[in-house]
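I have placed the structure first, in the form of structure tokens, so that the comments after it can refer back to it.
Residue numbers (UniProt numbering): 1 to 605.
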């Protein structure tokens, strides 16, 4: 694995950090071990030493010995001194228990327990057994005798205390000497770690300068030479495997690309010179072509201007250059096709106009005949109403049945004749509807052809470019008129289909009426022999006549709707005629040549 600059920096940082952490650790360890000798601790020690110098210690029974001796000499102080002796005994017991649980050096702890505390317990034994009972009893002789025993116990305890103090003092002086020695040792360790870290920092900086800064300065100078265009020397440090080596390899790529770019520029200069010679030879040819192109554009512009004014007679008769001759032929062909289309549109619009007039007349005739049919149906309705009244009267006036039946026969015969006439009128209406449908189909075909011709004219105008936009707008108007004509024809066809269906319904109803009237006529012929049964069947006859009357009323309504539809058909035909006249006016805006229309001469451009 290559030891790169980045890895070097990481290793250097880790080493310096380790040295710093080591130095800090040593100092912290020394502080933990030696912090008892700090200034604060010394103040605490001084305070305790001061208290020890002023007050007697609890384990040393000198104060208790003094109080007991004083109480034996001065009886009036007995109670006060005994109370103080009790407090001193409690303090002695507390400290005695405390020092038994402390972690003293074993030699001092053994001397404390086996000598000082043991002799102190002996002192307090004499105090509790002899002195305190004698003082409580105010027995001076016994108290004086016990004082001697107490004195012996006290001096024995005092000797043990002095010996322990001497040994403790020697121990503390040894601990102080050890602490001072450790302070020096740990200070040396911390200083060595600090100086080592500083030395490591200096070595790392030196290595960093040698491995990174100096090579970077060299690469900076070399890249400055490259920027000035000096590519004669090789890239330094290219054999290194770290970042400097990678940078050198990248700069080598830049140098190689620059050298290739110089070669390419030389080749490009040679090619540019050759291209300049070739372009100069082509300029003359382009000048000639440009002159020919301007001539072609001028003539086409003139032709399209004539087309935009509606003049379809304009043609380009002067031949173009070979490269543009096809364009001239296409323009003249487009003008011929457009002229022929407009002439055909004009002729077709005239035919549509004449056909619309015929359809209008037929629709008016249909409306008139339908109104007549409605009038006859009203008469039939009146006759049926009269028959209904007579049938009701027959049930009330059986005695006048013979005379009334004669009138009924006459009415039935008249109604049959009316129904036959209605059937004939319905058949004539149906025939007229078929003829109108044929005429509408012709109108639809004419509108389709007109739409197709207008579409072709729009395509040719689009091919003509910007100059053909005016003609394209006119062709679009022609196409929209043709589409409106086709829509009107479709509406007429729909109305005629509806009328035919309703006429068929009317014929069926009239046939039913005829059959009903025939039945009535037969019944009238048989009425002479059935006078006796008139009373029983008169109600049934009235119901039948009411149904017939309802059918005739429905037929009357259908006939009235047929009449309204016929009026609408006539109105649509008149609208179709008006639109056809508009279409003729639009077509007449164009000036069509004599070949297409037979009336106008051809003009040449």
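Where is the CB? At the ideal position from N, CA and C, for every residue including glycine.
Since the model is a prediction, treat every value here as computed from it, not as a measurement.
What does the Cβ neighbour count give for residue i, buried or exposed, with the cut at 16 atoms within 10 Å?
i           : result
residue 331 : buried
residue 213 : exposed
residue 215 : buried
residue 564 : exposed
residue 52  : Caution is warranted here: a pLDDT of 48 is assigned to residue 52, below 50, making its placement in the model unreliable, and no coordinate value can be reported.
residue 155 : exposed
residue 55  : Summary for residue 55: the model assigns pLDDT 41, below 50, so the residue's position carries little reliability; its value from the coordinates is reported in the next sentence. Label assigned to residue 55: exposed.
residue 262 : exposed
residue 420 : exposed
residue 43  : Its pLDDT being 47, under 50, residue 43 is placed unreliably in this model, and the value from its coordinates should be taken loosely. Residue 43 should be labelled exposed.
residue 49  : Reliability fails at residue 49, whose pLDDT of 46 lies under 50, so the model's placement of it is uncertain and the value that follows must be treated cautiously. When all chains shown are included, residue 49 counts as exposed.
residue 144 : exposed
residue 205 : exposed
residue 329 : exposed
residue 13  : exposed
residue 103 : exposed
residue 286 : exposed
residue 460 : buried
residue 458 : buried
residue 389 : exposed
residue 368 : exposed
residue 326 : exposed
residue 355 : buried
residue 181 : exposed
Between residue i and residue j, what straight-line distance do the alpha-carbon atoms span, to the nearest angstrom?
i           : j           : result
residue 338 : residue 294 : 26 Å
residue 378 : residue 518 : 19 Å
residue 462 : residue 278 : 39 Å
residue 74  : residue 89  : 21 Å
residue 334 : residue 284 : 34 Å
residue 604 : residue 313 : Here the model assigns residue 604 a pLDDT of 48, short of 50, so the residue's position is not dependable and the matter cannot be decided.
residue 11  : residue 203 : 12 Å
residue 487 : residue 455 : 17 Å
residue 446 : residue 465 : 29 Å
residue 17  : residue 200 : 10 Å
residue 549 : residue 386 : 10 Å
residue 424 : residue 584 : 41 Å
residue 345 : residue 322 : 35 Å
residue 496 : residue 569 : 8 Å
residue 631 : residue 248 : Nothing in the structure corresponds to residue 631, since the chain is present only between 1 and 605.
residue 21  : residue 222 : 42 Å
residue 429 : residue 575 : 23 Å
residue 364 : residue 341 : 34 Å
residue 260 : residue 217 : 27 Å
residue 500 : residue 525 : 37 Å
residue 117 : residue 123 : 10 Å
residue 317 : residue 282 : 31 Å
residue 315 : residue 348 : 25 Å
residue 227 : residue 257 : 13 Å
residue 209 : residue 243 : 14 Å
residue 121 : residue 19  : 58 Å
residue 478 : residue 557 : 41 Å
residue 319 : residue 582 : 39 Å
residue 607 : residue 304 : No information on residue 607 is available, as it lies outside the stretch 1 to 605 that the chain covers here.
residue 189 : residue 105 : 29 Å
residue 577 : residue 553 : 36 Å
residue 306 : residue 299 : 11 Å
Roughly how far, in whole angstroms, is the beta-carbon of residue i from the beta-carbon of residue j, given that I think they are within contact range, below 8 Å?
i           : j           : result
residue 580 : residue 358 : That belief does not hold up - the Cβ atoms of residue 580 and residue 358 are roughly 12 Å apart, past 8 Å.
residue 68  : residue 80  : Wrong, their Cβ atoms sit about 12 Å apart, outside the cutoff.
residue 245 : residue 237 : 6 Å
residue 513 : residue 551 : 6 Å
residue 573 : residue 381 : Contact flag wrong, Cβ pair sits at about 32 Å.
residue 147 : residue 64  : Going by Cβ atoms, the distance from residue 147 to residue 64 rounds to 12 Å, so no, they are not a contact pair.
residue 296 : residue 474 : The Cβ separation is near 26 Å, so there is no contact.
residue 132 : residue 77  : Actually they do not touch by this definition, with Cβ atoms about 14 Å apart.
residue 444 : residue 489 : 4 Å
Tell me whether residue i counts as near the ligand ZN, meaning its Cβ is closer than 7 Å to at least one heavy atom of that ligand.
i           : result
residue 551 : Absent from the structure shown: the ligand ZN. Ligands present: none.
Subject >> 4-residue-minimum alpha helix (DSSP H) runs that sit fully inside the region 71 to 159, ordered along the chain >> reply: 78 to 101, 106 to 111, 118 to 126, 132 to 137
Original post:
Is the region 172 to 179 close to the region 126 to 134, with three or more CB pairs under 8 Å?
Top reply: no
Original post:
Taking only runs of the alpha helix (DSSP H) that begin and end inside the region 211 to 290, which ones reach a length of at least 4 residues, in chain order?
Top reply: 214 to 227
Original post:
Would you call the region 240 to 254 and the region 263 to 282 touching, i.e. three or more CB-CB distances under 8 Å?
Top reply: no
Original post:
Are the region 437 to 457 and the region 472 to 482 touching by the rule of at least three beta carbon pairs closer than 8 Å?
Top reply: yes
**OP:** Spell out a yes or no on whether the region 92 to 111 and the region 160 to 170 are touching, meaning 3 or more CB-CB pairs, one atom from each, closer than 8 Å.
**Re:** yes
Original post:
Are at least three pairs of beta-carbons, each pair with one atom in the region 174 to 186 and one in the region 90 to 102, less than 8 Å apart?
Top reply: no
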